[in-house]
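Numbering (our numbering), first residue to last: 531 to 855.
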Ligand code: PBG
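Structure below.
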């Protein structure tokens, strides 16, 4: 009689499970997204993301320092301007005294090359209509006019010390336009973390509160349709050809097949963004006692690594980095 083959043998003790684990999770692979807001006297908790704050510049400095000391791989900054400073072209985005560029300079001074400072390169936080680009006369997002704005915003962020720029607006040609402009201005060491395959997702809901978004309607003319897989590979190939240094898939949890597909064709590091809705769902279910919070967080991150992401943006970056070390 042939013996019973027993895969369970390797699961029989915690030490054996640790020995044979295929996927690892390390603090350096986690990037912390952070929000810095104008016009606050004190940090403000985002009600749909309990535990995540809109920072003042002071509280941002402290939280950034804690994250870096916990060993996270980098920080991704989002700016939240005053409502009165928003306009049709998002001029706060490339103003040197805009909230995001000011915060970048402060963190560059504080942290220098002790971390990798990244910036969201997108207009939606700065426009009064809330779209990621500028609008044409018919109210549609004008791709090529938006590229000019992204170029200007990129140069301001590079001047302010960002090491990696994160164009997240899904405009065609955005990576090439930004790369060319950076090189022409001598910022050859400033890299691009391209949101290459970014889907129009209902799970961004809490983020819209986080950045005080003015958006009416949706982003379906520029972000991808969740039905599509092959299209993601096309988007990624284009960004690689245009000079992306890192490519990102977003969201993570509902798109792990895309993370795997992208990992298979990419010859640059692959990142995935565990977005606001993913954070809020686990947080809410855990608050009700329906799931084990800490285990669910680790499982969600390990699964994203297993799918093929070597870098994960997560609002739990500091907490998990501390837990892992
Ligand atoms: C756009 C941007 C969004 C997120 C990051 N960059 C929102 C959107 O596309 O509507 C979402 C992040 C999250 O949900 O955590 N600048």
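Just so you know, even glycine gets a beta-carbon here, dropped at the ideal spot from N, CA and C.
Residue pairing by DSSP places residue 754 opposite 729 in a beta bridge. Residue 766 and residue 792 have their alpha carbons spaced roughly 7 Å apart. With the criterion CB distance below 5 Å from any heavy atom of ligand 1, the matching residues run 652, 654, 698, 734, 737, 805, 806 along the chain.
Inclusion of residue 734 and residue 807 in the CB contact set at 8 Å is warranted, their separation being smaller than that value. Around residue 598, the same chain offers 641, 644, 645 as residues with beta carbons nearer than 7 Å, after the five sequence neighbours per side are excluded.
In the three-state DSSP reduction, residue 724 falls in the strand class (E or B). Using a Cβ distance threshold of 8 Å, residue 692 and residue 634 count as a contacting pair. With contact defined as three or more Cβ pairs closer than 8 Å, the stretch 699–711 and the stretch 757–764 are not in contact.
Listed in chain order, the non-local C-beta contacts of residue 665 below 8 Å within the same chain comprise 618, 659, 671, 672, local neighbours out to five positions each way being set aside. Listed as beta-bridge partners of residue 622 by DSSP are no residues whatsoever. When beta bridges are read from the DSSP output, residue 697 appears opposite 651. For residue 746, the secondary structure class from DSSP, reduced to helix, strand or coil, is coil. Setting aside the 5 residues that flank it on each side, residue 810 is surrounded in the same chain by 578, 579, 736, each with a C-beta closer than 7 Å to its C-beta; the list follows chain order. By the CB criterion at 8 Å, residue 812 and residue 830 fall inside the cutoff. With 16 or more neighbouring CB atoms inside 10 Å of its own CB, residue 726 falls in the buried class.
Following the DSSP letters along the chain, one finds residue 592 inside the alpha helix (DSSP H) bounded by residues 587–600.
Taking C-beta atoms as the reference points, residue 742 and residue 566 fail to come closer than 8 Å. When the Cα atoms are used, residue 630 and residue 649 turn out to be separated by approximately 8 Å. Judged by their CB atoms, residue 796 and residue 777 are nearer to each other than the 8 Å cut-off.
With contacts defined as CB atoms closer than 8 Å, residue 842 and residue 773 fail to qualify as a contacting pair. Per DSSP, reduced to three states, the secondary structure at residue 617 is strand.
Counting along the chain, the unbroken alpha helix (DSSP H) around residue 737 starts and ends at 735–740. In the DSSP assignment, residue 531 falls outside any beta strand (DSSP E) and carries neither an H nor an E. Within the same chain, and ignoring the five residues on either side of residue 798 in sequence, the residues whose Cβ sits closer than 7 Å to its Cβ are 770, 774, 775, 776, 777. Taking 8 Å as the cut-off, the beta carbon of residue 688 is found closer than this to the beta carbon of residue 717.
Apart from sequence neighbours up to five positions away, the residues of its chain that approach residue 570 with a beta-carbon distance below 7 Å are 584, 586, ordered along the chain.
In the same chain as residue 582, and ignoring 5 residues on each side of it, the C-beta atoms closer than 6 Å to its own belong to 576, 845, in chain order.
Excluding residues up to 5 positions away in sequence, 604, 605, 607, 634, 637, 638, 641, 691, 692, 693, 694 lie with their Cβ nearer than 8 Å to the Cβ of residue 647 in the same chain.
In the three-state reduction of the DSSP assignment, residue 584 falls in the strand class, which pools E and B.
Its chain contains 670, 671 as the residues whose beta carbon lies nearer than 8 Å to that of residue 751, once the 5 sequence neighbours on both sides are disregarded; these appear in chain order.
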